[in-house]
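Peer 1:
4 protein chains.
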Amino acid sequence: MSLKVGVLGYRFMGKAHANAMARLPMFFPEAPEVERHTLVGRDEDALSDAADRLGFAHTATDWEDAIEAVDVFYNLGPNHVHADPSVAALEAGVPVLSEKPLAEDLESAERMAAAADDAGVPTATAFNYRFVPAIRYAKNLIEDGELGEIHHFRGRYLQDWLVDPEAPWSWRNSEEMAGSGALGDLGAHTVDLARFLVGDVERVSGHLRTFVEQRPVEGEGGEAGETRPVTVDDAYSAQAELEDGAMATFEASRFANGHKNDHAIEVHGSEGSLKFSLERLNELEVLRDRNRGYETILVTDEDDPYVDHWWPPGHVLGWEHTFVHENFEFLSAVDSGSEYHPDFEDGLEVQKALAAIQESDERGEWVDVE
Amino acid sequence: MSLKVGVLGYRFMGKAHANAMARLPMFFPEAPEVERHTLVGRDEDALSDAADRLGFAHTATDWEDAIEAVDVFYNLGPNHVHADPSVAALEAGVPVLSEKPLAEDLESAERMAAAADDAGVPTATAFNYRFVPAIRYAKNLIEDGELGEIHHFRGRYLQDWLVDPEAPWSWRNSEEMAGSGALGDLGAHTVDLARFLVGDVERVSGHLRTFVEQRPVEGEGGEAGETRPVTVDDAYSAQAELEDGAMATFEASRFANGHKNDHAIEVHGSEGSLKFSLERLNELEVLRDRNRGYETILVTDEDDPYVDHWWPPGHVLGWEHTFVHENFEFLSAVDSGSEYHPDFEDGLEVQKALAAIQESDERGEWVDVE
Amino acid sequence: MSLKVGVLGYRFMGKAHANAMARLPMFFPEAPEVERHTLVGRDEDALSDAADRLGFAHTATDWEDAIEAVDVFYNLGPNHVHADPSVAALEAGVPVLSEKPLAEDLESAERMAAAADDAGVPTATAFNYRFVPAIRYAKNLIEDGELGEIHHFRGRYLQDWLVDPEAPWSWRNSEEMAGSGALGDLGAHTVDLARFLVGDVERVSGHLRTFVEQRPVEGEGGEAGETRPVTVDDAYSAQAELEDGAMATFEASRFANGHKNDHAIEVHGSEGSLKFSLERLNELEVLRDRNRGYETILVTDEDDPYVDHWWPPGHVLGWEHTFVHENFEFLSAVDSGSEYHPDFEDGLEVQKALAAIQESDERGEWVDVE
Amino acid sequence: MSLKVGVLGYRFMGKAHANAMARLPMFFPEAPEVERHTLVGRDEDALSDAADRLGFAHTATDWEDAIEAVDVFYNLGPNHVHADPSVAALEAGVPVLSEKPLAEDLESAERMAAAADDAGVPTATAFNYRFVPAIRYAKNLIEDGELGEIHHFRGRYLQDWLVDPEAPWSWRNSEEMAGSGALGDLGAHTVDLARFLVGDVERVSGHLRTFVEQRPVEGEGGEAGETRPVTVDDAYSAQAELEDGAMATFEASRFANGHKNDHAIEVHGSEGSLKFSLERLNELEVLRDRNRGYETILVTDEDDPYVDHWWPPGHVLGWEHTFVHENFEFLSAVDSGSEYHPDFEDGLEVQKALAAIQESDERGEWVDVE
């Protein structure tokens with residue numbers, strides 16, 4: 155019996171997850187059998203084309219129909235449509251994977267986490283960077299105490315796709331649809347890695363900024379010269395205290411000229427340090443006790459996390475492989491009924507930190523993360 | 155009508171090509187339809203398992219049967235079994251892709267190229283690094299004259315899997331089966347990129363070296379303490395003159411401690427320079443006329459070679475993607491009957507350079523590449 | 155007539171400035187003639203040895219005597235002794251160079267700046283990193299508009315000399331003597347570069363932290379097992395708004411394992427970006443409009459700032475050269491009576507930002523820099 | 155009693171050595187006292203200016219006069235004037251430091267080494283890169299066996315000052331005056347480091363190349379449109395076998411666009427590897443047994459070679475510091491009569507390898523280094 159998966163969303167994330175599922179049989183033969191069953195969207199023609207391409211046998215324009223038909227539901231739509239379908243699926247006992255951030259605001263996130271709690275089935279918030287082999291390797295180092303007591307966590311996620319003031323408006327610029335901008339889209343990943351690698355965020359001080367207030371509307375919806383307001387942040391920074399006392403700084407921008415998808419993490423502990431950048435995701439720079447400088451480790455050895463499933467040492471992986479690992483772990487958990495992280499509860503914890511950063515920016519003072 | 159592909163070899167290279175074919179429909183929908191038809195090998199149980207995993211409907215222990223059944227033949231076996239099946243396939247009018255180097259010696263390579271010439275169907279020598287987006291980008295820069303007249307080509311391919319004298323003997327250590335060692339296995343790639351980016355190799359001076367003369371036999375075939383002689387080079391270096399007068403240096407080693415799959419290319423011209431390393435294959439370092447230093451280009455923009463088929467800027471690709479591009483180009487050429495490079499003739503040209511390097515080492519003097 | 159220079163302090167900074175003055179005749183022949191005249195300190199034997207080594211003809215244990223005897227006064231002592239001698243010198247009409255931060259607290263810094271204002275002679279706050287050729291080059295780029303409108307400034311200064319909890323107590327751990335810790339010692343440099351490259355700091359949110367509360371006393375003053383309290387920060391972070399609207403983040407630590415003197419600056423503007431690290435101070439990474447990635451510029455060409463005084467392209471300079479440039483500029487200004495920056499007023503502006511960061515940390519809210 | 159030093163040559167190298175001597179008292183107080191005594195040159199006005207600037211009390215237009223007046227003689231002139239003055243000095247019992255390569259040809263070098271042997275006083279060939287702290291650190295690692303048995307040495311020295319065909323002719327382009335081009339000027343350093351770090355060069359295969367055959371004459375000597383022939387190599391490459399069996403490759407170019415003074419060294423042994431580049435001379439990348447990747451060591455710790463004479467950790471040194479270390483060691487050896495390396499014998503060994511590379515290029519075959 156294969157797991158029937160229903161997927162809402164067929165663009166960027168739909169393709170990333172469909173590809174991930176398609177690759178499991180060849181590279182993760184121990185994964186449960188998976189059927190890309192129903193693809194959900196609104197535009198029937200585009201949806202039908204996408205289903206062909208991405209390997210789904212069925213389509214649905216109504217997510218409620220999809221939920222009835224499948225064993226697992228992937229919610230890959232814009233942030234403001236994460237809550238209702240996810241809650242409905244959970245109420246029907248269907249495990250859910252939701253793209254990040256968990257929701258457009260804290261209240262929706264809480265509703266989703268409560269539904270997950272009630273349902274008692276596996277859920278996932280799609281923080282795929284936990285599944286980079288180098289990040290897993292880093293996690294193991296820290297858990298094994300190789301870096302000692304952690305003093306500093308530093309995360310910044312830099313992109314530049316909005317630095318041109320004429321770059322068109324999209325749902326990602328709308329508070330109503332996205333909740334926040336760089337903060338939720340990029341900062342969610344950073345906060346999740348801080349939690350994964352070091353510990354919970356206890357208090358924060360945030361700084362949000364919108365550099366360009368209006369953007370042109372492009373395509374069908376827009377008339378010549380029409381603009382819409384940008385109601386989210388283009389960039390944010392934050393300071394934080396983590397559990398057990400580490401200091402943290404977070405930062406993200408869509409205005410960092412020259413950076414495309416540069417998610418960089420640095421950790422300093424009493425016994426060592428590490429550095430990571432997503433644009434060189436096969437590498438981890440590690441300082442350990444006997445060493446004086448950072449050692450550049452190519453995390454592609456046979457006994458590195460997930461690597462034995464792929465290629466010999468030195469044959470580097472790409473961004474998309476993180477989705478394969480994530481799908482493998484989540485679908486295995488669904489299949490066996492075992493626990494999975496990061497789940498909706500993890501997603502909620504991140505959302506609390508994001509909300510606190512936003513509130514701190516508004517109030518001009520530090521805010522505790524409850 | 156889909157193209158039926160037969161594949162000899164089901165380990166490392168078999169998996170790389172099977173995966174490449176499996177990914178075409180989702181990412182290269184304009185590719186011809188492909189059927190992974192027959193997998194060829196000697197061990198029936200292992201073969202059957204592999205066929206299941208890699209998605210082949212049929213298996214054959216006799217490559218002649220496979221050739222009869224398919225439209226395209228992939229020869230991914232050890233070097234000394236490249237010639238006969240490839241020639242047989244070509245004589246049957248079946249297009250062939252052969253792993254590199256084209257053959258274990260010059261005479262076999264000439265036989266294969268002649269058969270290709272007679273057959274008049276597309277052939278491929280699997281120099282997959284021509285299909286790295288950054289290498290294509292480099293090729294375009296050079297063809298557009300952005301580097302000016304080329305003065306220097308420098309290529310070195312470093313691995314370290316034999317630095318331990320107790321690393322077990324394999325067919326790659328046998329002159330009879332492999333033809334040569336680091337020279338043919340790694341140097342073939344370097345010479346191909348020199349030809350692709352700059353021009354033909356005209357004369358060479360070579361230096362081959364075997365650091366460890368005997369290696370232990372492992373597994374089934376070997377008794378305790380049994381060793382076999384290493385009859386190929388562990389490392390080579392070469393100097394060369396390329397057509398149009400560029401100086402070149404080539405080098406490869408299986409003893410370069412700390413390097414796993416580090417194929418690095420550098421080119422200096424009158425107007426600019428470039429640097430590439432396979433371990434950071436999404437990046438190209440380019441010096442162009444207005445600049446003073448190398449610019450680190452992340453070759454993941456939408457209009458970079460092949461990138462529009464994959465992900466947004468900054469979402470890096472891996473080693474295996476080169477096989478997808480290669481399979482796309484070759485199978486499209488087979489389907490349309492158009493020309494394809496690198497073909498067997500290209501493979502033969504590389505083989506001539508390799509043979510000349512080996513001969514130069516034996517004679518202690520420069521040798522012309524005929 | 156040569157300028158007689160009196161110097162208070164003969165350890166690290168005394169050596170750096172004495173060396174700088176000694177090198178002027180050979181490399182900056184247009185500099186005024188300088189006489190290393192009087193060295194000031196308390197321990198007569200050590201002072202006498204240092205004077206011999208550093209090339210001073212006279213010594214004084216009383217700085218008031220020195221001020222009477224010299225044309226220029228360098229105050230290189232601990233922070234809490236910056237104010238009185240500097241004010242006295244200025245009241246006597248003697249130009250003063252003070253090490254950074256300008257003082258141990260805002261009130262002392264204001265007193266010094268007021269004295270400078272009254273005296274009308276050149277003063278210097280020794281922010282030597284303004285005199286790194288690569289930083290000057292960056293300044294020129296920004297002033298010429300090559301980076302466009304600046305959106306982000308990011309500065310972090312990482313050291314690790316206190317990560318060992320047994321590292322001994324020094325005056326740098328005392329609020330009374332140093333004013334603050336990483337904030338004043340390291341952050342002062344970062345804030346100065348933010349002002350130099352981008353603009354004034356308008357409001358800040360700060361975070362200070364002391365990881366180790368007590369440290370052992372070493373040497374003469376300490377008994378076995380004696381400890382003293384650390385009353386300053388081991389690390390700080392800050393968020394800021396700069397004039398003209400750029401967002402900034404600052405950070406420094408003495409607990410960043412593996413980093414010795416790593417002062418890194420990053421700037422993103424609407425047209426480009428740049429990156430700098432003091433541990434590779436001959437290099438500047440620059441993104442300019444026609445480019446896609448950062449260009450690594452080795453700032454050692456003949457027409458780069460200060461470089462024509464030294465060596466041919468590619469012959470790199472060291473940390474100490476910044477002091478030669480600084481001494482050249484300041485002593486030339488003293489000699490000609492022309493304006494010099496960074497002066498005491500610049501030092502005061504930095505001190506205001508540091509004080510605001512500290513106050514913000516105490517109050518838990520953003521603080522305007524008046 | 156101070157050592158009187160006479161120096162022939164007052165441009166680039168004259169300035170580098172004069173500065174080195176000037177800095178000894180402050181940083182190497184244990185060095186012998188040194189007097190910059192006589193500066194030797196042909197153009198009296200320029201010479202007089204240089205003597206003022208570089209701190210020499212006397213000048214001489216005849217090197218024979220200088221030799222009589224001094225205790226140590228530095229020969230920093232063009233290669234073809236190394237032999238006669240050096241031999242004369244040695245015959246007068248005066249220790250000599252000669253710039254590299256030791257001479258313009260093998261015969262002159264042999265004459266110089268014989269004179270040194272007869273004289274029994276210290277001599278130096280000015281291979282200053284042996285005195286980079288990171289290179290000393292590397293030497294210690296290798297001697298301590300941390301890299302195991304050495305398999306590979308790779309050295310390349312890249313510059314680009316001749317890539318413009320209109321760059322003017324100089325003595326460095328004349329076989330008569332320089333002996334060779336990139337080979338002698340740059341390759342001499344590389345071969346010396348190969349000998350220093352690994353061992354003697356036993357046999358070589360060389361490749362020399364002149365890309366631009368004529369260059370314009372500039373300034374006084376040249377009429378409009380006048381050119382002179384380039385009679386030396388613009389670039390060379392070589393393959394070699396070192397004593398104890400390591401393979402080596404050497405390369406240098408004055409046509410490597412974007413490289414100013416990029417002398418890069420790589421060594422691979424059975425237990426580890428290292429990498430060094432002169433443009434980042436404070437750093438050494440080291441792979442040691444417990445590590446998987448290269449560790450970037452900033453060679454500025456207190457117990458690193460020579461560093462305790464300078465600044466605290468992380469305060470980087472520059473190119474010129476190598477001359478201070480070299481002068482310290484050589485002048486100390488002169489003062490105490492102790493042995494010094496690299497001496498004229500070392501210079502001769504390098505010259506033999508250079509001559510063999512040149513001869514190999516002419517003969518098109520491998521040549522033994524006698």
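Sequences listed follow chains R, E, D and Z, in order. If you use this note's numbering, the first sequence corresponds to residues 155 to 524, in order. If you use this note's numbering, the second sequence corresponds to residues 155 to 524, in order. If you use this note's numbering, the third sequence corresponds to residues 155 to 524, in order. If you use this note's numbering, the fourth sequence corresponds to residues 155 to 524, in order. Quick reminder that beta carbons are idealized off the backbone N, C-alpha and C, glycines included. Please read all numbers here as calculations on a predicted model, not as lab measurements.
#1: Can you tell me whether R/W465 is buried or exposed? The criterion is at least 16 other CB atoms within 10 Å of its CB, across all chains shown.
#2: Note down the Cα distance separating Z/P249 from Z/S490, rounded to an integer number of angstroms.
#3: Less than 8 angstroms between CB atoms is the rule here; does R/F166 satisfy it with respect to chain E?
#4: Select from the stretch 432 to 458 of chain E all residues with a C-beta closer than 7 angstroms to any C-beta belonging to chain Z, and list them in chain order.
#5: On the CB-based measure, 16 or more other CB atoms within 10 Å of its CB, does D/G314 come out buried or exposed?
#6: To the nearest angstrom, how far is it from the Cα of R/G299 to the Cα of R/R442?
#7: Let's see if you can read the secondary structure: which residues bound the beta strand (DSSP E) around R/R369?
#8: Are D/H417 and D/Y311 closer than 8 angstroms when you measure CB to CB?
#9: Rank D/R369, D/A394, D/A392 and D/G373 by C-alpha distance to the C-alpha of D/P383 and give the top, closest one.
#10: Considering only the beta carbon of each residue, do R/W520 and R/S359 sit closer than 8 angstroms?
#11: As an exercise, report each continuous alpha helix (DSSP H) stretch of at least 4 residues that is fully enclosed by the stretch 339 to 373 of chain Z, in chain order.
#12: Looking at chain D, is there any beta carbon in it that lies within less than 8 angstroms of the beta carbon of Z/A176?
#13: If you measure beta-carbon to beta-carbon, which residues of the stretch 369 to 397 of chain D are closer than 7 angstroms to chain R?
#14: I'd like to know whether the C-beta of E/H475 is nearer than 8 angstroms to at least one C-beta of chain R.
#15: Quick check on E/K506: does DSSP put it in helix, strand or coil?
#16: Say whether chain D places a C-beta atom closer than 8 angstroms to the C-beta of R/H306.
#17: Closer than 8 angstroms by beta-carbon distance: list the chain D residues that pair up with Z/A207, in chain order.
#18: Closer than 9 angstroms, Cβ to Cβ, to anything on chain D: give me those residues from the stretch 459 to 471 of chain Z, in chain order.
#19: With E/P383 as the anchor, note down where its beta strand (DSSP E) starts and where it stops.
#20: For Z/G168, which three-state DSSP category applies?
#21: Looking at R/N229: is its Cβ nearer than 8 angstroms to the Cβ of R/L162?
#22: Only counting the same chain, and skipping five residues up and downstream in sequence, which positions put a Cβ closer than 7 angstroms to that of E/R190?
#23: I want to verify the contact list: residues of chain D whose CB lies under 7 angstroms from the CB of R/R363, in sequence order.
#24: Take Z/V478 as the anchor and find which of Z/R444, Z/E516 and Z/P183 has the nearest alpha-carbon.
#25: Rounded C-beta distance between Z/A410 and E/H306? I'm assuming under 8 angstroms.
#26: Please list, in chain order, the chain D residues whose beta carbon lies closer than 7 angstroms to that of R/G518.
#27: Just mark R/W325 as buried or exposed, buried being the case when its beta carbon has 16 or more other beta carbons within 10 Å.
#28: Any residues in the stretch 411 to 423 of chain R with a beta carbon nearer than 8 angstroms to a beta carbon of chain E? Which ones, in chain order?
#29: Would you say R/L301 and R/G353 are within 8 angstroms of each other, going by their C-beta atoms?
#30: In or out: R/S252 buried (at least 16 other Cβ within 10 Å) or exposed?
#31: Among the candidates R/F350, R/L471 and R/V504, whose CA atom is the shortest distance from the CA of R/E297?
#32: Which parts of the stretch 397 to 458 of chain Z are runs of the beta strand (DSSP E), unbroken and 3 residues or longer, counting only runs that do not cross its ends?
#33: Please report the residue range of the beta strand (DSSP E) in which R/T192 lies.
#34: Would you mind telling me which residues of chain R sit closer than 9 angstroms to E/N173, beta carbon to beta carbon, in chain order?
#35: Helix, strand or coil, according to DSSP, for R/E258 in the structure here?
#36: Work out the CA separation of D/V224 and Z/I437 for me, nearest whole Å.
Peer 2: In this structure, then:
#1: The residue labelled residue 465 of chain R in the question sits at position 311 within the first sequence. When all chains shown are included, R/W465 counts as buried.
#2: Here residue 249 of chain Z corresponds to residue number 95 of the fourth sequence, with the count starting at 1. Here residue 490 of chain Z corresponds to residue number 336 of the fourth sequence, with the count starting at 1. If I take the Cα positions, the gap works out to 12 angstroms.
#3: Looking up residue 166 of chain R in the first sequence gives position 12. Output row for R/F166: interface = yes.
#4: L441, G447 and Y448
#5: Against the third sequence, residue 314 of chain D aligns to sequence position 160. At residue 314 of chain D the sequence reads Asp, which differs from the Gly that was named. With 16 or more other Cβ atoms within 10 Å, it is buried.
#6: Stepping through the first sequence from its first residue, residue 299 of chain R is reached at position 145. Stepping through the first sequence from its first residue, residue 442 of chain R is reached at position 288. Roughly 10 angstroms between the two C-alpha positions.
#7: Residue numbering aside, residue 369 of chain R sits at position 215 when the first sequence is read from its first letter. Q368 to P370 is the extent of the beta strand (DSSP E) around R/R369.
#8: As a first step, residue 417 of chain D must be located in the third sequence, where it is residue number 263. As a first step, residue 311 of chain D must be located in the third sequence, where it is residue number 157. Yes, these two residues count as a Cβ contact at 8 angstroms.
#9: The sequence position of residue 383 of chain D within the third sequence is 229, counting from 1. The candidate whose alpha carbon is nearest that of D/P383 is D/R369.
#10: Taking the first residue of the first sequence as position 1, residue 520 of chain R is located at position 366. Taking the first residue of the first sequence as position 1, residue 359 of chain R is located at position 205. In contact: R/W520 and R/S359 (Cβ atoms closer than 8 angstroms).
#11: 342 to 351
#12: Counted from its first residue, the fourth sequence places residue 176 of chain Z at position 22. Yes, contact with chain D.
#13: A389, S391 and Q393
#14: Here residue 475 of chain E is taken as the residue at index 321 of the second sequence, counted from 1. Judged by the 8 angstroms Cβ criterion, E/H475 is in contact with chain R.
#15: Reading the second sequence from its first residue, position 352 is the one you call residue 506 of chain E. Here E/K506 sits in helix by DSSP.
#16: Translated into positions along the first sequence, residue 306 of chain R becomes position 152. Yes, contact with chain D.
#17: The residue labelled residue 207 of chain Z in the question sits at position 53 within the fourth sequence. First, the residue type needs correcting, since residue 207 of chain Z is Arg and not Ala in the sequence shown. Correct list: P179, M180 and P183.
#18: W464, W465, P466, P467, G468, H469, V470 and L471
#19: Numbered from 1 along the second sequence, position 229 holds the residue referred to as residue 383 of chain E. Taken as a continuous stretch (DSSP letters only), the beta strand (DSSP E) holding E/P383 covers T381 to P383.
#20: Sequence index remark: in the fourth sequence, residue 168 of chain Z carries index 14 (1-based). Z/G168 falls in the helix class under three-state DSSP.
#21: For the purposes of this step, residue 229 of chain R is taken as the residue at position 75 of the first sequence. For the purposes of this step, residue 162 of chain R is taken as the residue at position 8 of the first sequence. Cβ atoms of R/N229 and R/L162: closer than 8 angstroms.
#22: Counting from 1 along the second sequence, the entry for residue 190 of chain E is found at position 36. Excluding residues within five positions, the ones whose Cβ falls inside 7 angstroms are V159, A172, M175, L208, G209 and F210.
#23: In the first sequence, the residue the question calls residue 363 of chain R occupies position 209. Here the neighbours are M401.
#24: Numbered from 1 along the fourth sequence, position 324 holds the residue referred to as residue 478 of chain Z. Looking at the Cα atoms, Z/P183 is the closest of the given residues.
#25: Reading the fourth sequence from its first residue, position 256 is the one you call residue 410 of chain Z. Reading the second sequence from its first residue, position 152 is the one you call residue 306 of chain E. So it is a contact: roughly 6 angstroms between Cβ atoms.
#26: Here residue 518 of chain R corresponds to residue number 364 of the first sequence, with the count starting at 1. Residues of chain D passing the Cβ test: E519 and W520.
#27: Within the first sequence, the letter at position 171 stands for residue 325 of chain R. So R/W325 ends up on the exposed side.
#28: H413, K414, N415 and D416
#29: Position 147 of the first sequence, counted from the first residue, corresponds to residue 301 of chain R. Position 199 of the first sequence, counted from the first residue, corresponds to residue 353 of chain R. Not in contact: R/L301 and R/G353 (Cβ atoms no closer than 8 angstroms).
#30: Within the first sequence, the letter at position 98 stands for residue 252 of chain R. Looking at its Cβ environment, which holds 16 or more other Cβ atoms inside 10 Å, R/S252 is buried.
#31: Position 143 of the first sequence, counted from the start, is the residue given in the question as residue 297 of chain R. The option with the nearest alpha carbon to R/E297 is R/F350.
#32: 401 to 407, 416 to 423, 427 to 431, 437 to 441 and 449 to 452
#33: For this step, residue 192 of chain R is matched to residue 38 along the first sequence. First-last of the beta strand (DSSP E) with R/T192: V188 to V194.
#34: Start at 1 with the first residue of the second sequence, and residue 173 of chain E comes out as number 19. Ordered by position in chain R, the residues that pass the 9 angstroms Cβ test against E/N173 are R177, M180 and F181.
#35: Looking up residue 258 of chain R in the first sequence gives position 104. It is coil, neither helix nor strand.
#36: Residue numbering aside, residue 437 of chain Z sits at position 283 when the fourth sequence is read from its first letter. Residue numbering aside, residue 224 of chain D sits at position 70 when the third sequence is read from its first letter. It should be noted that the sequence gives Glu, not Ile, for residue 437 of chain Z. Z/E437 and D/V224: Cα-Cα distance of roughly 41 angstroms.
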